Structures are given as structure tokens and as C-alpha cells.
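For the sequence shown, the working numbering gives the first residue as 2, with consecutive numbering after it. Below: the structure, in C-alpha cells.
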Amino acid sequence: MAHLPVKIAPSILAADFTRLGKHVTDAIVGGADWLHVDVMDGRFVPNISFGPLIPQAIRPLADAANIPLDVHLMIEEPDRYLAQFAGAGAARLTVHVEATRHLHRTVQAIKELGLLAGVALNPATSLTAVEEILPDVDLILIMTVNPGFGGQRYIPQSTAKIRRLRQLLTERRSSAWLQVDGGISAKNTAEVVAAGATSLVAGSAVFGGAKSVAENITEMKNIARTVFSI
Ligand code: DX5
Ligand code: ZN
């Protein structure tokens with residue numbers, strides 16, 4: 002397979018919220034392609050993170066660097082909040098297929114707001130759930146952990162699912178991003194990129210550990226670049 006562009010999207014959920022602006026700036030300066038914003042409502046997932054206030058707060062930093070806010074809505078009935086997150090500066094809104102009764106209508110509503118639309122699948126949700134909506138979205142997110150918390154371990158069978166989705170996207174000649182989210186780090190970057198992932202969300206691997214944010218991002222980018230370029 003040809004060398005695909007791979008985007009690194011640090012998840013700000015893992016940032017230090019006592020100095021969020023500094024950490025977001027570190028990620029932007031450190032080479033982040035997108036900023037992944039994890040919104041959790043305590044119903045769809047057993048955790049509550051934050052609402053539009055946070056993307057609103059970091060928007061000036063992202064806009065100044067032309068870095069898109071990649072908003073992942075882990076919330077029930079996301080239609081209720083699409084306009085608010087659009088107003089807060091989201092470039093893309095990704096909704097869970099498990100969280101909306103009328104996915105096609107939700108994707109249409111996102112696009113009517115002028116945003117890019119993504120759909121996300123939990124680990125136990127089959128790829129068949131997105132087959133019909135594939136032509137309408139610009140990103141499919143495969144959860145590689147059960148959603149709700151950062152710092153979890155990558156679910157190993159995700160790799161086969163990533164490979165099957167890559168196959169499906171190739172068959173359909175889709176240019177949609179294949180995003181992986183949860184437990185992604187330098188350790189499994191080669192594995193998920195070789196399987197076909199083109200957007201890597203990483204929280205604890207970027208903002209945690211002993212190395213700097215820039216070193217963590219650079220390490221993942223270098224590994225992604227070496228895949229297929231042998
Ligand atoms: C989990 C979120 C992920 C998470 C990633 O529900 O969707 O984006 O924050 O964090 P790490 O990379 O630490 O698993
Ligand atoms: Zn996420």
C-alpha cells in the first residue's frame with residue numbers, strides 16, 4: 002500500500018488542566034496536526050469531561066496555528082449540542098453510531114453547520130454499522146479502548162478491525178480518515194499504521210511520561226513515516 006499521510010491528534014483530555022494553554026501550545030509547537038477534544042457526558046460513557054467551554058478556550062491558540070479542533074462527542078443524542086460545539090470552534094464533529102437514533106440525519110446536520118463529519122465505533126460495534134454512511138463522512142474513528150478514560154491499554158483485536166476497515170475504504174475508493182483512538186503510543190504506532198490507520202489520537206502517550214510533548218509527537222511521526230518507506 003502506498004505511504005499514506007498520518008496525522009497525529011493529541012487528546013487534550015490527558016493535558017495538565019492547571020496549565021491547559023501551555024500544554025496545548027506545546028502540542029501545537031511540538032508538531033500536532035490536529036487537537037483531539039474528548040467530550041463526555043457521564044451517560045454515553047461513565048465519565049464526565051467538559052462542554053463547549055474548553056474548545057472555546059483553546060480555539061484562539063488552534064486558530065492562530067491553523068490546527069483543527071477534532072471534537073469527539075461521547076455523548077447521548079449528540080444532535081442536541083452540534084451547534085454549540087460548532088460555535089465553540091470545532092472543525093470536525095465525530096459522533097458515535099451507538100449514540101444517535103438517526104445517524105444519517107445527524108451527519109447531515111453536522112455538514113449543514115459547515116463542519117466535517119466523523120462517525121465513531123466502540124470496540125464491540127461491527128464495521129457494518131458504518132457501511133451505509135461511509136460516502137457521507139470524512140472520518141471513521143475506531144475506538145481501540147472502551148471509551149470514557151485516557152491511559153487505558155490498547156485492545157489487541159483492534160488491529161484486525163483497522164485492517165478490515167482499510168480494506169473497505171479501499172474497495173469503496175473512500176478518502177475518509179481512518180482514526181484510531183485509545184491506548185495509542187510509540188509502541189503500537191507501526192502496528193496501527195501498517196494496518197491502515199491515518200489519524201492517531203494519543204493522550205497519555207503525548208502529555209504523560211518523562212519525555213517532552215514535542216519528543217513524544219516527533220517519535221510517533223517518525224515511526225509512522227518509516228512504515229512502508231522500507
Ligand atoms: C477515550 C478517549 C480517548 C482517550 C485517549 O474515551 O476517546 O481519546 O482520551 O487517551 P489515551 O491516548 O491516553 O488512551
Ligand atoms: Zn477520543
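Here a beta-carbon is modelled for each residue, glycine too, at the ideal position from N, C-alpha and C. Bear in mind the structure is a predicted one, so any value in this text is a computation, not a measurement.
Q. Around the C-beta of T199, are 16 or more other C-beta atoms found within 10 angstroms, so that it is buried, or is it exposed?
A. buried
Q | Where the beta strand (DSSP E) containing K8 begins and where it ends | A | K8 to P11
Q.
For P11, count the other beta carbons within 10 Å of its own beta carbon; 16 or more makes it buried, fewer makes it exposed. Which is it?
A. Classification for P11: buried.
Q. Do three or more CB pairs link the segment 35-53 to the segment 74-90 at distances below 8 angstroms?
A. Contact between the segment 35-53 and the segment 74-90 is present, because at least three Cβ pairs lie under 8 angstroms.
(Q) Nearer than 6 angstroms: is that true of the beta carbon of D42 relative to any heavy atom of ligand 1? (A) no
Q.
If you follow the beta strand (DSSP E) that H97 is in, where does it begin and where does it stop?
A. A91 to H97
**Q.** Any 3 or more C-beta pairs closer than 8 angstroms across the segment 179-189 and the segment 157-166
**A.** yes
Q.
Any heavy atom of ligand 1 closer than 6 angstroms to the beta-carbon of V72?
A. no
Q. Just to check, is the beta-carbon of D39 closer than 6 angstroms to a non-hydrogen atom of ligand 2?
A. yes
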